[in-house]
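Accompanying notes for the structure given below.
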Amino acid sequence: IMQWLYAGEVPSRLGSSAYQPAGVFETKDGAIYAIIVTNEQWHRLVEAMGNPEWASWDVFATTESRRDNVDVITPHFANWVEQHTREELLDLSLRYRLPFALANRPEQAASLQQQLSGENDHANWLYRTTAGPSTNVTHDSAHDPRKPLAGTLILDLSTVWATPYVGQLLAQLGARVIKIESRRHLDDVRSIPTYRDPHTDGHADWDRSGGFREVNRGKESLELDLTTAEGRSLLHKLVPQADVLLSNLTPGANREHRLGIATEQ
Numbered sequence: 006i007m008q009w010l011y012a013g014e015v016p017s018r019l020g021s022s023a024y025q026p027a028g029v030f031e032t033k034d035g036a037i038y039a040i041i042v043t044n045e046q047w048h049r050l051v052e053a054m055g056n057p058e059w060a061s062w063d064v065f066a067t068t069e070s071r072r073d074n075v076d077v078i079t080p081h082f083a084n085w086v087e088q089h090t091r092e093e094l095l096d097l098s099l100r101y102r103l104p105f106a107l108a109n110r111p112e113q114a115a116s117l118q119q120q121l122s123g124e125n126d127h128a129n130w131l132y133r134t135t136a137g138p139s140t141n142v143t144h145d146s147a148h149d150p151r152k153p154l155a156g157t158l159i160l161d162l163s164t165v166w167a168t169p170y171v172g173q174l175l176a177q178l179g180a181r182v183i184k185i186e187s188r189r190h191l192d193d194v195r196s197i198p199t200y201r202d203p204h205t206d207g208h209a210d211w212d213r214s215g216g217f218r219e220v221n222r223g224k225e226s227l228e229l230d231l232t233t234a235e236g237r238s239l240l241h242k243l244v245p246q247a248d249v250l251l252s253n254l255t256p257g258a259n260r261e262h263r264l265g266i267a268t269e270q
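The sequence shown begins at 6 in my numbering and counts up one residue at a time.
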């Protein structure tokens with residue numbers, strides 16, 4: 006739908022992804038889904054694979070060349086994947102911040118759903134909630150029943166699609182959502198040209214992504230470099246004023262610790 010809306014192209018289920026390697030791959034004990042979108046992710050993947058000789062070939066040097074040589078890269082990547090278990094690959098995905106996910110067949114999905122419904126440790130791993138700060142905000146949903154979250158402040162540190170989409174839904178319900186990025190690390194989706202809006206000539210490339218706009222409507226934007234002491238200090242001043250902090254920072258990267266924000270706080 007986004008491809009049609011923003012690029013005027015009719016998408017097809019045929020053909021291969023513009024980003025490679027991508028797809029469902031068999032492991033020792035099941036399947037995973039993997040997709041490498043950015044060059045940064047590709048370099049992290051190469052490191053996770055132990056820097057194999059084939060990964061240094063010129064035909065894999067750019068996003069475009071990996072796409073054009075999908076028939077070459079796929080068997081090499083598949084061969085590496087099948088030497089590992091799903092648990093090993095998910096551990097690597099956390100340590101190296103790689104977009105891997107379990108690819109479950111119907112019977113596996115049913116079993117996983119049963120586990121998630123009956124075991125608190127799985128639920129706590131997927132969804133972590135903490136008590137919100139005490140605020141003086143009065144939520145007057147009676148004023149506008151379409152905006153029940155009016156007066157709520159959300160800080161959105163997330164990137165890509167799923168968690169930013171949550172922030173968009175909260176904004177639609179009336180919350181004030183502040184999207185926090187830095188020039189050093191913009192939302193990854195900003196750099197994906199697949200859904201680039203053709204009606205934004207003259208805009209900077211990072212501000213033309215239809216995919217980014219799709220899940221960040223209704224938000225305010227704040228540029229904050231959290232790699233600096235000043236940036237982290239400003240974030241620490243904002244957090245106590247917020248009702249919700251949205252993030253999809255990976256446990257393996259330990260970025261919450263580096264930012265000085267603990268889940269328990």
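Built from N, CA and C at the ideal position, the CB exists for glycine as well.
For residue j and residue i, believed in contact at Cβ under 8 Å, the rounded distance
i    : j    : result
R189 : D230 : 6 Å
L160 : L99  : Incorrect: roughly 23 Å between the Cβ atoms, too far for contact.
I197 : A106 : Actually they are not in contact, since the Cβ atoms of I197 and A106 sit about 18 Å apart, beyond 8 Å.
N253 : T157 : Not a contact, Cβ separation roughly 20 Å.
D34  : T68  : Incorrect: roughly 31 Å between the Cβ atoms, too far for contact.
A27  : L97  : That belief does not hold up - the Cβ atoms of A27 and L97 are roughly 17 Å apart, past 8 Å.
Q46  : L94  : The Cβ separation is near 15 Å, so there is no contact.
K184 : K152 : Contact doesn't hold; Cβ gap of about 19 Å is too wide.
Q173 : V220 : 5 Å
V77  : V64  : 6 Å
Per DSSP, cross-strand counterpart(s) of residue i
i    : result
T32  : G35
S226 : K184
V249 : I159
F105 : A39
A23  : Answer is none; A23 lacks a bridge partner.
Neighbour-count burial assignment, residue i, 16 or more Cβ in a 10 Å radius
i    : result
A39  : buried
G265 : exposed
S238 : exposed
S226 : exposed
A66  : exposed
R110 : exposed
A209 : exposed
K242 : exposed
S214 : buried
W211 : exposed
S61  : exposed
A176 : buried
T164 : buried
V42  : buried
G179 : buried
Q246 : exposed
Q25  : buried
D73  : exposed
Simplified DSSP assignment, three categories, for residue i
i    : result
I40  : strand
A60  : helix
L131 : In this prediction, L131 scores a pLDDT of 46, lower than 50, which makes its location untrustworthy; the coordinate-derived value is nonetheless stated afterwards. Looking at L131 - three-state DSSP - the assignment turns out to be helix.
V142 : Low local confidence applies: a pLDDT of 48 at V142 is under 50, so the model's placement there is unreliable, with the coordinate-based value given in what follows. Note: V142 maps to coil in three-state DSSP.
D73  : helix
Q233 : Per the sequence presented here, residue 233 reads as Thr, with Gln not at that position. T233 falls in the coil class under three-state DSSP.
D149 : coil
L95  : helix
L154 : coil
A83  : helix
H89  : coil
A66  : coil
L254 : coil
R100 : helix
G265 : coil
R49  : helix
Residue i: CB within 7 Å of a non-hydrogen atom of the ligand MN
i    : result
A108 : Questions concerning the ligand MN fall outside what the structure shown contains, since it holds no ligand whatsoever.
message = Restricting to runs no shorter than 3 residues, where is the beta strand (DSSP E) found entirely within the region 159-223?
response = 181-186
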